[in-house]
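Here's the structure we're looking at; comments come further down.
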Amino acid sequence: MREWVTLVVAITLVYYHNAPALHAAIGSVICCAVAKILKLAIKQNRPIHATRTSYGMPSTHSAAVAYFATYLVHILADLGHSGSLRLHRAHAFSALVIVLSSVGALSRVFNGHHTLPQVLAGSLLGVSFAAVWWYIRLNSYVYIDPLLAMLSLQ
Numbered sequence: 085m086r087e088w089v090t091l092v093v094a095i096t097l098v099y100y101h102n103a104p105a106l107h108a109a110i111g112s113v114i115c116c117a118v119a120k121i122l123k124l125a126i127k128q129n130r131p132i133h134a135t136r137t138s139y140g141m142p143s144t145h146s147a148a149v150a151y152f153a154t155y156l157v158h159i160l161a162d163l164g165h166s167g168s169l170r171l172h173r174a175h176a177f178s179a180l181v182i183v184l185s186s187v188g189a190l191s192r193v194f195n196g197h198h199t200l201p202q203v204l205a206g207s208l209l210g211v212s213f214a215a216v217w218w219y220i221r222l223n224s225y226v227y228i229d230p231l232l233a234m235l236s237l238q
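Converting from the sequence shown to the working numbering requires adding 84 to each position, the first position being numbered 1.
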């Protein structure tokens, strides 16, 4: 799954190559780094039959999935309220994103890679970080966009 997330981020950056896409990608990297640091601090083992031997709390995969889902729901809400996308479609797409991301996160439990608390902690981290990252984007747009524009592929 990690490869798919990386591929989607790379394709998004290449396709859009703008400051908002770069901001979203940087946020995902920071969110995953925070999850990895927390794993090293908490040092909770994965389930007994897990194939990986690294620590499991919080689930980095769940954090990444929840981050992208939350960020996308914020984008859809903006599009719905601005009139770029009909509001009922924005709500429908948001519901679909939430359901699919929840299934993706819970698959970590069903496949034996994590316990439910590890997945819930990762999801909470991803949702919280995305909300804060979105708030930073909205409230520092004037300052961040020129810097990101210089760094992006434009």
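Glycine residues also receive a C-beta, built at the ideal position from the N, C-alpha and C atoms.
*Going by the CB atoms, is the gap between GLY210 and ALA134 shorter than 8 Å?*
Within the sequence shown, residue 134 is the residue found at index 50, counting from 1. Within the sequence shown, residue 210 is the residue found at index 126, counting from 1. Against a cut-off of 8 Å, the Cβ pair of GLY210 and ALA134 comes out as no contact.
*Cβ atoms of THR154 and ALA215: under 8 Å apart, would you say?*
Position 131 of the sequence shown, counted from the first residue, corresponds to residue 215. Position 70 of the sequence shown, counted from the first residue, corresponds to residue 154. Taking C-beta atoms as the reference points, ALA215 and THR154 count as a pair closer than 8 Å.
_C-alpha distance - LEU169 paired with LEU180, whole-angstrom precision_ = Within the sequence shown, residue 169 is the residue found at index 85, counting from 1. Within the sequence shown, residue 180 is the residue found at index 96, counting from 1. Near 15 Å, if we compare the C-alpha coordinates of LEU180 and LEU169.
*asked:* Check whether the segment 113-120 and the segment 136-145 are in contact - that is, three or more C-beta pairs closer than 8 Å.
replied: Yes: at least three Cβ pairs fall under 8 Å.
*asked:* Give me, in chain order, the residues of the same chain whose beta-carbon lies closer than 6 Å to that of ARG221; leave out the 5 immediate sequence neighbours on both sides.
replied: Sequence index remark: in the sequence shown, residue 221 carries index 137 (1-based). Excluding sequence neighbours, ARG221 sits near HIS107.
*Could you pull the start and end residues of the alpha helix (DSSP H) that SER185 belongs to?*
The residue you call residue 185 lines up with position 101 of the sequence shown. For SER185, the enclosing alpha helix (DSSP H) stretches over residues 171-194.
_Assuming GLY164 and ALA174 are in contact, meaning their beta carbons sit under 8 Å apart, how far apart are those beta carbons, in whole angstroms?_
Here residue 164 refers to the residue found at position 80 when the sequence shown is read from its first residue. Here residue 174 refers to the residue found at position 90 when the sequence shown is read from its first residue. The C-beta distance from GLY164 to ALA174 rounds to 3 Å, short enough to fall under 8 Å.
*VAL157 versus SER185, ARG136, ARG130, residue with shortest Cα-Cα distance*: Here residue 157 refers to the residue found at position 73 when the sequence shown is read from its first residue. Ranked by Cα distance from VAL157, the first of SER185, ARG136, ARG130 is SER185.
*Leaving out five residues before and five after PRO201 in sequence, what residues of the same chain have Cβ atoms less than 8 Å from its Cβ?*
The count along the sequence shown starts at 1 and reaches residue 201 at position 117. Non-local C-beta neighbours of PRO201 in its own chain, meaning closer than 8 Å and more than five positions away in sequence, comprise MET141, ordered along the chain.
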